[in-house]
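Chains as they are written, first to last, in my numbering: chain A, 2 to 477; chain B, 2 to 477; chain C, 2 to 477; chain D, 2 to 477. Glycine included, C-beta positions come from ideal geometry on N, C-alpha and C. Here the structure is a predicted model, which is why all the values come from computation and not from measurement.
Protein chains: 4
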Amino acid sequence: MKDDVRLSTPVIDINMAHVIMLTEQEIISKSDGASLLRALLNLRKSTLDTSAEDVHMAVEEAVLNQTGKEVGGNLHIAKSRNDQVATALRMSLRQTLIITMLLVAEMRTSLCNSAKKHLKTVILEYTHLQPAQPVTYAHYLLYHVDTLGRDLQRLAQNYARVNFSPLGAGALATTSFPIDRDRVAQLLGFDAVLENSIDAVGSRDFITETMATLTHVELNLSRLAEDLIIWSSPDFGVVELPDDFTSTSSIMPQKKNPEILEVIRARASNVLGNFVATASAIKSLPSTYNLDFQEITPKLWEATETVNSSLRMLTLLIPRIKVNGDISAKNNQSFAAATELANILVREHKIPFRSAHKAVGALVKSLIETNKTFRDLTPELLNKSVKDTLGTNISTLAKDLESIMDPIKIVEAHFVKGGPAPREVKRAISMREKETVCAKTDISKLAERLKEAESGLEEAAKSCSTKNGRLKNPKL
Amino acid sequence: MKDDVRLSTPVIDINMAHVIMLTEQEIISKSDGASLLRALLNLRKSTLDTSAEDVHMAVEEAVLNQTGKEVGGNLHIAKSRNDQVATALRMSLRQTLIITMLLVAEMRTSLCNSAKKHLKTVILEYTHLQPAQPVTYAHYLLYHVDTLGRDLQRLAQNYARVNFSPLGAGALATTSFPIDRDRVAQLLGFDAVLENSIDAVGSRDFITETMATLTHVELNLSRLAEDLIIWSSPDFGVVELPDDFTSTSSIMPQKKNPEILEVIRARASNVLGNFVATASAIKSLPSTYNLDFQEITPKLWEATETVNSSLRMLTLLIPRIKVNGDISAKNNQSFAAATELANILVREHKIPFRSAHKAVGALVKSLIETNKTFRDLTPELLNKSVKDTLGTNISTLAKDLESIMDPIKIVEAHFVKGGPAPREVKRAISMREKETVCAKTDISKLAERLKEAESGLEEAAKSCSTKNGRLKNPKL
Amino acid sequence: MKDDVRLSTPVIDINMAHVIMLTEQEIISKSDGASLLRALLNLRKSTLDTSAEDVHMAVEEAVLNQTGKEVGGNLHIAKSRNDQVATALRMSLRQTLIITMLLVAEMRTSLCNSAKKHLKTVILEYTHLQPAQPVTYAHYLLYHVDTLGRDLQRLAQNYARVNFSPLGAGALATTSFPIDRDRVAQLLGFDAVLENSIDAVGSRDFITETMATLTHVELNLSRLAEDLIIWSSPDFGVVELPDDFTSTSSIMPQKKNPEILEVIRARASNVLGNFVATASAIKSLPSTYNLDFQEITPKLWEATETVNSSLRMLTLLIPRIKVNGDISAKNNQSFAAATELANILVREHKIPFRSAHKAVGALVKSLIETNKTFRDLTPELLNKSVKDTLGTNISTLAKDLESIMDPIKIVEAHFVKGGPAPREVKRAISMREKETVCAKTDISKLAERLKEAESGLEEAAKSCSTKNGRLKNPKL
Amino acid sequence: MKDDVRLSTPVIDINMAHVIMLTEQEIISKSDGASLLRALLNLRKSTLDTSAEDVHMAVEEAVLNQTGKEVGGNLHIAKSRNDQVATALRMSLRQTLIITMLLVAEMRTSLCNSAKKHLKTVILEYTHLQPAQPVTYAHYLLYHVDTLGRDLQRLAQNYARVNFSPLGAGALATTSFPIDRDRVAQLLGFDAVLENSIDAVGSRDFITETMATLTHVELNLSRLAEDLIIWSSPDFGVVELPDDFTSTSSIMPQKKNPEILEVIRARASNVLGNFVATASAIKSLPSTYNLDFQEITPKLWEATETVNSSLRMLTLLIPRIKVNGDISAKNNQSFAAATELANILVREHKIPFRSAHKAVGALVKSLIETNKTFRDLTPELLNKSVKDTLGTNISTLAKDLESIMDPIKIVEAHFVKGGPAPREVKRAISMREKETVCAKTDISKLAERLKEAESGLEEAAKSCSTKNGRLKNPKL
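Quick look at the structure:
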C-alpha cells in the first residue's frame with residue numbers, strides 16, 4: 002500500500018468519472034449511480050483504510066461498505082484493475098511531470114538572473130581540463146540554460162504522450178457494455194483516449210520514456226555539478242560555494258567539501274540505474290499485463306523525486322556561488338590568448354591561418370623555455386618569432402598586444418551569435434527570459450487544465466449524486 | 002578512420018559552406034575562396050585518403066595539396082575541430098534518423114496490411130501468460146501499429162533537436178572574425194544555429210537522446226518478438242513462421258527455431274547496453290570537449306544499424322506469418338468467455354456485477370471438477386449455479402449461451418473505441434493508414450529539404466568557385 | 002539515519018575495539034579507556050538517539066554525554082569517519098552475505114529433495130522454445146542446483162574479499178599515533194587488515210563486486226522463474242503452481258497468474274539496475290573519499306534484500322510444484338525421439354551419422370504430411386524411408402521402435418556423466434547433497450567466527466572497563 | 002564468420018579430442034577414427050574456408066571433403082552444435098583471460114617499479130577534491146597495486162570457473178552413445194567436466210561473470226585515469242604526462258590534452274554497457290540454448306580487447322609520468338598539516354582530541370582571516386589560540402612547529418601498517434613484488450598446462466591417425 006497512497010486520489014476520481022459515464026450511458030440506473038457517487042465523494046474527504054490489499058480494493062471495499070452489495074457490486078462494471086492501474090499511474094505521473102517542468106523553468110530563471118550579474122566576469126574555460134580560452138561566467142551559465150531548455154522541451158513532449166486515458170480498455174479487450182471512453186477521458190482531464198485496448202493496458206513506454214527523459218536532465222545536472230566541484234577545488238579557485246552547501250571538519254575550517262554537488266553527481270547514476278531496471282524488466286515481456294509492471298513503478302517515483310530534489314538544490318545554490326573573475330594572471334600564464342594573437346596576425350598582417358598558428362606556437366614555446374608568460378610579450382618578440390618561423394617581416398604595435406593581455410577585451414572581440422561577448426550574451430539572456438516566461442505560462446495552463454477537470458468532475462459527481470441516491474451506511 | 006568514412010561528405014560540405022560564408026563576409030578574398038571551393042568540389046568527386054589521422058585532417062590536407070599553403074592555410078579560419086566534429090555528427094545522424102523513421106512508417110504499413118486480412122481471425126490473448134479473452138489478430142497487430150506510432154513521434158521530435166548547427170562555436174568560444182553562423186546553418190540545411198558556443202561543442206544530449214529513443218523502439222520490437230516466439234511454439238500453436246525466418250535441424254524438420262526473432266529479442270539489450278555506455282561516459286564529464294566523446298560515437302552508429310535492421314527484418318516477416326484462427330476449443334477449455342457470461346447476467350438478469358462474477362466463478366469451478374468445459378454448459382447448469390451461489394432464480398435461454406461459445410460473437414460484442422470488434426478495428430486501421438501516409442509525407446519533406454540544401458550548397462560553391470580561383474595542383 | 006540503523010552495532014563495536022587497542026598501545030590512559038568502554042557497553046544495551054546527523058555522531062555524542070569532554074573527546078583519536086564508515090559497511094555486509102549464502106545452500110537442498118522425488122518424471126525439454134528431447138524433471142532441477150553452486154562459490158570468494166579491516170587508515174593517510182591495526186582487525190573478526198590507507202578509505206570494489214555477484218544469482222533465478230511461468234501456462238501444462246503463489250480472479254478461478262514468479266523475474270532487472278547505478282557512480286571518481294559513496298550504499302542493501310527474498314520465496318515454492326509427467330503423447334507428436342531413432346540406425350545398422358539424420362528427417366517429414374506421429378511408426382515405414390533416402394536396405398525390428406515410443410526408455414539410454422538417466426542423476430544428487438552439507442558447515446564456521454569475535458570483544462571490553470574507569474553521567 | 006575466426010583452432014581441437022575418445026570407446030572404428038584425425042590434422046595446418054555458414058560447418062565440410070561421406074558423416078556422432086559452441090567459447094576465453102591476468106600482473110610490476118623511485122616524493126592527497134593530507138606518490142601508486150591485486154584474484158577465480166568442459170552434453174540431454182566426457186575434458190586441458198547437460202549447453206554465467214570482472218578492472222583504471230587527468234591540469238600541476246600520451250594544438254604547444262587517459266576513462270563505460278547488454282539479454286531467457294546467446298559473444302570479445310588495451314597503455318604510461326614533489330608551499334597554504342598539529346597538542350600537551358581539533362580550527366580560521374598560512378605560524382600564535390579557545394595555557398616549542406612545515410616529516414610520522422611512511426611503503430612494495438612474482442608463476446602454469454594439453458592432443462591424434470586411416474581426397 003505504501004506507494005499506493007499517491008494513487009488514492011486518482012483511483013477515486015477514476016471511479017467517479019466511470020460511474021458518471023455509466024449513468025449517462027444508462028448502464029446503471031440513476032439512483033445506483035447517485036449512491037455510488039455519494040459514497041465516492043465521502044471517500045474523497047476521508048483517509049483510505051490501508052489494511053486492504055491495495056488502493057483499488059480499498060476504494061471498492063469502502064464503497065461497498067456504504068452502499069451495500071446490490072449497488073456497490075456494480076462499481077466495477079465495464080472496467081478492470083488492468084486499465085484502472087494504467088490510468089491512475091498516468092494521472093499521478095502527469096502531476097509529477099508538471100512539477101519537474103516548473104522546477105526546470107525555475108532553475109533556468111535562476112541561471113539567467115545570475116548570468117545578468119556576471120556579463121563581464123571573465124573565467125577561463127577548459128577543454129580536456131586544460132586551459133583553453135577566456136569566456137564570461139554569464140556565458141557559461143547560459144550553456145546550462147540551453148541544455149535545460151532542451152530538457153524542458155523533452156519533458157513537455159513526454160507529458161503530451163502521458164496524458165492519454167487507458168480507461169475502458171478493461172482487462173485487455175474493452176467490454177461488451179456500451180461505454181463512452183471519450184467522456185471518461187474528458188472528465189479526468191486527459192487529452193484523448195489511448196485507443197487500442199491491448200496497448201492501453203500492456204504498454205509501459207510512457208514510463209521508460211519518462212525515465213529516459215529524467216536521465217537526460219540528471220546527466221546535464223551532473224556535468225554542472227562536476228564543473229563546480231572542480232572549480233571550487235582551491236587549486237582551481239574559480240568559484241566559492243556557500244557554507245551550507247558544503248561540509249567541513251572542525252580542524253580544517255577552510256575545507257569546503259562540496260557534498261551537495263557530489264550527491265547530485267552520484268544521483269545521475271541512480272536515475273540511469275532506475276532506467277536500466279525498468280527497460281530490462283520491460284524487454285521481451287509478453288503483451289498485455291504482467292506483474293513485472295508492479296516492480297517498475299517504485300523506480301519511477303524514486304527517479305522523479307531524485308530529479309526534483311536535484312533541481313531544487315541547484316536552483317537554491319546558483320545565486321549563492323561566488324565567482325573569482327580576476328583571471329589575468331592565469332590568462333597570461335596559460336597562453337589562453339594564443340588563438341586571439343594568431344587571429345590578429347591573420348587579420349592585420351594577412352598571414353595565412355595555419356602559418357599564424359605555427360608562428361604563435363613557436364613564440365609560446367620560446368616563452369615557456371625562458372620561463373615567461375604573455376605578460377612579458379613585446380612586439381619585438383612576436384616579430385622575431387614570425388620572422389624565424391615563416392620568414393616574413395611584420396611590425397606589430399604594442400597596442401595590438403594590449404588587447405590580448407586583457408581577457409575582457411578578448412571576450413568582447415568574440416562578438417558572434419552564441420559567443421561570449423557581453424552584448425551578445427545580454428541579447429541571449431533576454432531571449433531566454435522571454436522563452437522561460439512563455440514556458441511557465443504553458444506549464445501553468447497544463448496545471449490549470451487538470452484543476453479544471455478536477456473541479457468539473459467534482460461538480461458533475463455532486464450534481465448526479467443529489468438526485469435520489471441513498472447510502473445504506475453513510476458513515477465510512 | 003573506419004567510422005569516419007560516414008563523416009567524409011558532411012566534412013567536405015561543412016568546409017564548402019564555411020568558405021562560401023567567409024568569402025561573403027570578406028574574411029577571405031573572393032579568389033582565395035574560389036580556389037578553396039574548387040579544391041573541395043574536386044574532393045567531393047574522389048575518395049578520401051584514409052592514411053590521415055582522421056577525416057578532418059584528410060580533407061584539410063587534400064585541400065592544401067591542391068591550393069598550396071598560402072591559400073589552403075586559410076581553410077580553417079574561424080572554425081575548430083571541436084565545432085566541426087559536432088556539426089558533422091549531426092549531419093550524418095539526421096540522415097540515419099530519416100531512414101529509421103521511414104522504416105518505422107513502413108513497418109506500420111506492413112502491420113496495417115496484415116491487419117486488414119485478419120479482421121475476423123480470432124486469437125486468444127493472455128495476461129500473465131494465462132489465457133484471458135478472445136480478440137482478433139488484427140486487433141493485436143494494431144497494438145504494435147500504435148506503439149510504433151509513438152516511436153515515430155519520438156523520432157521526429159528527436160530529429161528536430163538534432164537538426165541544429167554548432168558550426169561557428171569554434172573550440173568553445175566562437176571567434177573574433179565576423180562570421181555569419183546563420184548563413185552556414187542555412188547552407189547546410191539546418192533549421193537553426195545551436196547558439197551558446199560552450200553548449201554547441203560540449204553537449205552530447207543529442208546522442209544520448211537518440212540512443213534512448215532507439216532503445217524505446219527496440220523494447221517494443223522485443224515484445225513483439227517474444228509474443229511470436231511463444232506463439233510459434235507448438236504448445237501454443239497460434240502462429241507459424243516462414244522457413245526462411247527460422248532454422249531447423251536435418252533430423253527434426255518440423256522444428257522451427259525462431260532465430261531471427263531471438264536475435265531481435267537480444268538486440269534490445271544491445272541497444273540498451275549502448276545507451277548505458279554512452280550515458281555513463283557523459284555523466285559528470287567536465288564542460289566543453291573531452292575525448293571521451295570519441296568513444297561514444299561508434300556506439301551510436303551501432304545502435305542505429307541494429308534498430309534499422311530489426312525494423313527491416315520484421316517488416317519482411319509480418320506479411321508472411323500464418324495465423325491459426327480456430328480457437329473455439331481452446332476458448333471453451335480456457336473459459337475465456339467467463340467475463341462475457343458474467344456480463345450477460347448483469348445485463349439480462351440485473352445481477353450486480355460482483356455477484357455475477359461470483360456465480361460464474363462457482364460455475365467454472367464445478368465444470369472443472371467434473372472435467373467439463375463451456376462446450377458442456379447448459380441453461381440449467383447456469384441457473385443452478387446462480388441459485389446456489391446467490392439464492393436468485395433466473396432462467397437463461399440457450400441462445401444466450403450460444404453467443405459465449407462462439408469467440409467471434411464475443412469479439413463482435415466488444416464494440417467500443419479501441420476494442421477488438423471488427424467494425425471498430427476497421428475504422429482504426431483506416432485512421433492509422435491516413436496517419437502513416439501523412440507521416441511518410443512529412444519524413445519525405447525532411448529528406449527533400451536536406452537534398453535541396455545539398456544541391457543549393459553545390460550550386461553556390463560552383464558559382465563562387467568559377468570566378469577567378471586557381472589551383473596550383475589541380476590533381477588530388 | 003534510517004539506513005544507518007544497520008550500522009549502529011558495527012559502529013559501537015568498532016569504537017570498543019579501537020579503545021581497547023588505544024589503551025593497550027598506551028595512547029590513552031587505562032582509566033580513560035575504561036570509562037570509554039563502560040560508556041560504549043552501556044550504549045550497546047540501549048537504542049541510539051536518531052536525532053543526530055548520523056550513526057557516527059550519535060555514538061560519539063552518547064559517549065561524550067556519559068564521560069564528559071575530557072575523556073570522551075579522545076574517542077576519536079587516530080581514526081576518522083572515512084575509515085570508520087568503510088569498516089562498518091564491511092561488518093554489516095559480511096553478516097548479510099552469510100545469510101545469502103545460507104539461503105542459496107538451502108535452496109540447493111530444496112531442489113535436491115524435489116529432484117529425488119522426480120528421478121523418473123519425464124518432461125520434454127526445449128531449445129529455442131521448440132520441443133527438443135525428453136529428460137527428467139530431476140535432471141532439470143539439478144541444472145539449477147549447479148548454477149546455484151557456482152553462485153555460492155562466487156559469494157564465498159566475494160565474502161573473503163569483504164572481510165578485511167580498513168580501520169586505522171584514518172582520513173586517508175593513517176595517523177602519527179602508534180596504533181596497532183592488526184589488533185583491531187582481530188578484535189572485530191576480520192581476516193586481516195586492508196593495508197594501503199588510500200585504498201582502505203577510497204575503494205568500493207567490495208560493493209560493486211557484491212552487486213555483480215548478486216546480479217549473477219538473480220539472473221539465474223529469473224531463468225528458473227521464466228521456465229516455470231511458461232511451463233505453467235495451460236498451453237504448456239508442464240507444471241502446476243500452488244494457489245498461494247499465484248493470484249486468480251473471482252470469475253476465472255482456473256486462472257493462475259504466476260505473480261510471485263513474475264516479481265522474481267522483474268527483480269533480476271532491479272538488481273542489475275542497482276549495479277549500474279553503483280558502477281556508474283564509481284566510474285572515474287577521484288581517489289579517496291567522495292560523498293558519492295553515500296548514495297550507493299542504499300542500493301547495496303536494497304539488492305541484498307531483493308536477492309534474499311527471492312531465494313526464500315523460491316525455496317518455499319520448489320517442493321510445492323506439481324509436475325505433469327505424462328508426456329508420451331507430446332513426445333510422439335513432437336518427434337522428440339528423432340535423435341534417438343537416428344542413433345539406433347547408427348548403432349544397429351552402421352549407417353553413418355549424417356545419413357541416419359537425413360533418413361529420419363525424411364521419415365518425420367512424410368509422417369507430418371500424412372498427419373501421423375511417431376505413435377504410428379512401423380518398421381516398414383522406417384525401412385522404406387531409409388531405402389528411399391539412402392538406397393540402403395535395413396530391417397528394423399518392432400522392439401527397437403518401442404524404445405523410442407517410451408520416453409523413459411530414451412532417458413535411461415542417456416547414461417552419460419551429467420546426463421538425464423535416473424541412475425546418473427541419483428549419483429549426481431548424492432554428490433551435490435554432500436557438497437551442500439560441506440558448504441553449510443563452511444558458512445556456519447564463518448558465522449561462528451564472527452560470533453566468537455563479537456563475544457571476545459565484549460569480554461575484552463568488560464575486562465578493561467572494570468579496572469578503574471568512572472562515568473560522570475552513567476545514564477545515557 | 003568474422004568473430005568465428007578466433008574459434009577455429011578450438012573447434013578443430015574439439016573435434017580431434019572427440020574422435021580420439023570415440024575411437025577409444027569403440028563407438029567408431031579405429032580406421033574411421035584415423036581418417037578423421039588425418040583430415041583434422043591437415044585442417045589445422047591450413048586456413049578455413051570462410052564461405053561456410055559458420056566455423057562449425059566449415060570444419061565439418063572440410064573433413065567431409067577429405068574423407069567422404071561414409072567416414073566423415075560420423076564426425077558429429079554423440080555431439081551437437083550446442084555443446085561444441087559452449088566448449089569452443091570457453092577454450093577461447095581462457096586464452097584471453099590468461100593474457101588479461103598477465104597484463105594486470107605486468108601493470109602491478111610497473112607501478113611497483115615507479116613506486117620504488119618515489120618513496121619520498123611527497124604529494125598532497127585530496128578528499129572531495131579538497132586538499133587533505135600529504136602522502137607520497139609511492140603510497141598513491143601502491144593503492145592501485147592493491148586494487149589490481151584484487152582484480153587479479155577475481156580473474157583467477159573466474160578463470161577456474163571457465164575452465165570446465167561442456168562437451169558431451171549434446172543438444173541438451175547428452176547422448177545414448179557410451180562416451181567418456183572426462184577423457185575429452187582431459188585432452189582439451191579442462192580441469193573437469195561441466196556435468197549437468199542442461200547447464201552445460203544453456204548457462205552463460207561464465208560470460209556474464211567475466212564481463213563483470215572486466216568491469217571491475219576498468220572501473221579501477223578509470224579512477225586512476227581521472228586522478229591523472231585532474232592532476233595533470235596546470236591548475237593542479239601534480240604530474241606531467243609524456244607528449245606521446247597527449248595531444249596538443251599547433252598554436253598552444255603547452256596544452257597537453259590527456260587523450261589516452263580520457264579514452265581509458267570512457268572505456269569503463271563501454272565495458273559496463275557491454276555487461277548490461279549481456280545481462281539483460283540473459284535475464285529471464287528460457288533454459289537451454291537460445292540464439293540470443295549468439296548476440297552476446299561479440300560483446301565479450303570487445304570487452305576483453307578493451308580491457309587488455311587499457312592495461313597495455315597504462316603500463317607503458319606509468320614509468321613515464323613526471324611528478325612534481327615540491328609541495329611545501331601548497332602544504333602550508335592548504336593547512337594540510339592541521340591534523341598533525343592537533344595530534345601534537347594531544348600527544349605533547351595532553352589536550353583531548355576533540356578540543357585539540359577545536360583549537361587548531363580556530364587557529365586556521367584566524368590565519369586565513371589575516372591572509373596567512375602555516376608558513377607564518379609561531380609558537381605564540383598557537384599558544385594564544387589554545388588559550389582563547391580552551392582556556393588552557395601551553396607553551397609550544399618552535400621545533401614542534403618545524404615538523405608540520407615539512408611535509409616529508411609529517412609523512413614519516415605516519416608510520417603505521419598501510420601508511421605513507423617511506424619505511425612502511427618500502428616494506429609494502431617488497432611484499433607486493435613477491436606476490437606478483439608468485440602470481441606470474443601461477444599464470445604461467447595455467448598457460449603451460451594449456452600448451453601441454455595442446456601438444457598432448459596433437460600427439461595422441463597423430464598416433465591414432467597413422468595406424469590405418471586413409472583419406473579419399475587428401476587435399477583440402
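The beta strand (DSSP E) runs lying completely inside the stretch 130 to 192 of chain C and spanning 3 residues or more are 131 to 137, given in chain order. Distance from P408/B to V123/B at the Cβ level is roughly 4 Å; contact confirmed, criterion being Cβ atoms closer than 8 Å. Around the beta carbon of E219/B, 16 or more other beta carbons sit within 10 angstroms, so the residue counts as buried. Rounded to whole angstroms, the gap between the alpha carbons of I261/C and T289/A is 17 Å.
What P259/A touches in chain B, judged by beta-carbon distance under 9 Å, is nothing: the nearest beta carbon there is about 12 Å away. Rounded to the nearest whole angstrom, the C-alpha separation of A63/A and A193/A is 30 Å.
Between the stretch 161 to 172 of chain B and the stretch 199 to 218 of chain B, the count of Cβ pairs shorter than 8 Å is three or higher; the stretches touch. Taking a contact as a CB-CB distance under 8 Å, the pair A267/B and L222/B does not count as one, their CB atoms being some 11 Å apart. In the DSSP secondary-structure assignment, N258/C is bridged to S248/C. Proximity of the stretch 95 to 103 of chain C to the stretch 433 to 448 of chain C meets the contact definition, three or more beta-carbon pairs being nearer than 8 Å.
Legend: CB atoms of the stretch 118 to 133 of chain B lying less than 8 Å from CB atoms of chain C belong to residues Y127, T128, H129, L130, Q131, P132 and A133. Using a Cβ-Cβ cut-off of 9 Å, E263/B counts as an interface residue toward chain C, since at least one Cβ of chain C sits closer than that to its own. Minimum Cα-Cα distance from G326/C among the listed residues K118/C, L346/C, S93/C and K31/C corresponds to K118/C.
With 16 or more other Cβ atoms from the protein chains shown falling within 10 Å of its own Cβ, K257/D counts as buried. For T128/A, the secondary structure class from DSSP, reduced to helix, strand or coil, is strand. Each residue's CA atom was taken as its position, placing D183/B and R433/A some 18 Å apart. At least one CB of chain D lies nearer than 9 Å to the CB of Y144/C.
Here the stretch 107 to 121 of chain D makes contact with the stretch 316 to 325 of chain D; the two share three or more CB pairs at distances below 8 Å.
At a cut-off of 9 Å between beta carbons, I369/D contacts chain A.
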